[in-house]
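*Asks:* Quick note on full-length UniProt numbering: the sequence shown kicks off at 1 and runs consecutively.
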Amino acid sequence: MKIKAFVVTLPGDQLELRGCVFSRHKNVSLVKNAFEAAHVELTPIWNYNPSLFFEIPHLTFNHVGDDGIAQEDWLAPALRQCWTNLKPHQLTALRFLRNNESPNNDPVLVWNHPINAWLHPLIHQAGINPTSNLMASRCRGSILADDMGLGKTLTTLAYILATNDAAVDYYWADWTHQSAATL
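1) Do you know whose CA, among D165, Q90, W111, L161, lies nearest T43's CA?
2) Rounded to the nearest angstrom, what separates V8 and G19 at their Cα positions?
3) Would you kindly report the start and end of the unbroken beta strand (DSSP E) that includes E2?
4) Hey, L86 and L97 are a contact pair by Cβ (cut 8 Å); roughly how many whole angstroms apart?
5) For the alpha helix (DSSP H) containing E36, list its first residue and its last residue.
6) In chain order, what are the residue ranges of uninterrupted alpha helix (DSSP H) at least 4 long that sit wholly in the UniProt domain "SNF2 N-terminal" (89-163)?
7) Going by DSSP, what residues sit across from R18 in a beta bridge?
8) Please list the terminal residues of the continuous alpha helix (DSSP H) segment that includes L79.
9) Assign Y171 to one of two classes, buried (16 or more other C-beta atoms within 10 Å of its C-beta) or exposed (fewer than that).
10) Is A38 buried or exposed, if buried means 16 or more other CB atoms sit within 10 Å of its CB?
11) Since I believe T155 is in contact with A76 (beta carbons under 8 Å), could you give me their beta-carbon distance rounded to a whole number of angstroms?
12) Going by other Cβ atoms of all chains shown within 10 Å of its Cβ, with 16 needed for buried, is A162 buried or exposed?
Below, the structure is given as structure tokens:
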């Protein structure tokens, strides 16, 4: 097995370790299990070109099946209806949207995430205590923002398609106090 690792500088001078894992086919399950045990996520390279890697085939697992459909039960029927295969970053965005819509989502975890640490001094300087209201409101939702051309529209339409049954269930759950909301 060979691992080629490199460091990428993300916006805000945040460093991220990335790499490629090369292994014999017979060792794939061992490699996969080792990374899972170390809590390291393996994601496919969406624009992988075997000719740049000595014709080594690209094996994907976890996120996308052999038919290009994500393994999540909630998403597979919607993706079968899409004419375009979603890329790994779009599938990640779908999981992000679903997680943020979940009633089990804890907004305090978002506030305490290290990537948001730069906001803390500014918010506290303004005299705002965001954690006092986070648990009370339990609002859910997301903002999907990315550079142009990365598929936000396709991701959003796939999410609507994947969750349309939940929208119908929500609408009829408390039919005596129906909302006037149309979206």
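Idealized CB from N, CA, C, for every residue including glycine. A quick note: this is a predicted structure, and the numbers were derived from the prediction, not measured.
*Replies:* Reading from the atomic positions:
1) Position 43 of the sequence shown holds residue 43. Closest option to T43, Cα to Cα, is Q90.
2) Counting from one through the sequence shown, the residue named residue 8 turns up at place 8. Counting from one through the sequence shown, the residue named residue 19 turns up at place 19. Roughly 10 Å separates the two Cα atoms.
3) Here the question's residue 2 lines up with position 2 in the sequence shown. Reading the sequence as shown, one finds Lys at residue 2 and not Glu. Note, K2: beta strand (DSSP E), 2-10.
4) For the purposes of this step, residue 86 is taken as residue 86 along the sequence shown, with counting starting at 1. For the purposes of this step, residue 97 is taken as residue 97 along the sequence shown, with counting starting at 1. That belief does not hold up - the Cβ atoms of L86 and L97 are roughly 12 Å apart, past 8 Å.
5) Within the sequence shown, the letter at position 36 stands for residue 36. Looking at the DSSP string, the run of the alpha helix (DSSP H) that includes E36 is 28-37.
6) Entirely contained in the UniProt domain "SNF2 N-terminal" (89-163), the alpha helix (DSSP H) runs reaching 4 residues are, in chain order, 107-112, 119-125, 130-137.
7) Here residue 18 refers to the residue found at position 18 when the sequence shown is read from its first residue. F6.
8) In the sequence shown, residue 79 corresponds to position 79, counting from 1. 76-81 is the span of the alpha helix (DSSP H), which, as asked, contains L79.
9) Sequence index remark: in the sequence shown, residue 171 carries index 171 (1-based). When all chains shown are included, Y171 counts as exposed.
10) On the sequence shown, position 38 is the one that residue 38 refers to. The residue is exposed, with fewer than 16 neighbouring Cβ atoms inside 10 Å.
11) Working through the sequence shown from its first residue, we reach residue 76 at position 76. Working through the sequence shown from its first residue, we reach residue 155 at position 155. Not a contact, Cβ separation roughly 16 Å.
12) Translated into the one-based positions of the sequence shown, residue 162 becomes position 162. Under this definition A162 is a buried residue.
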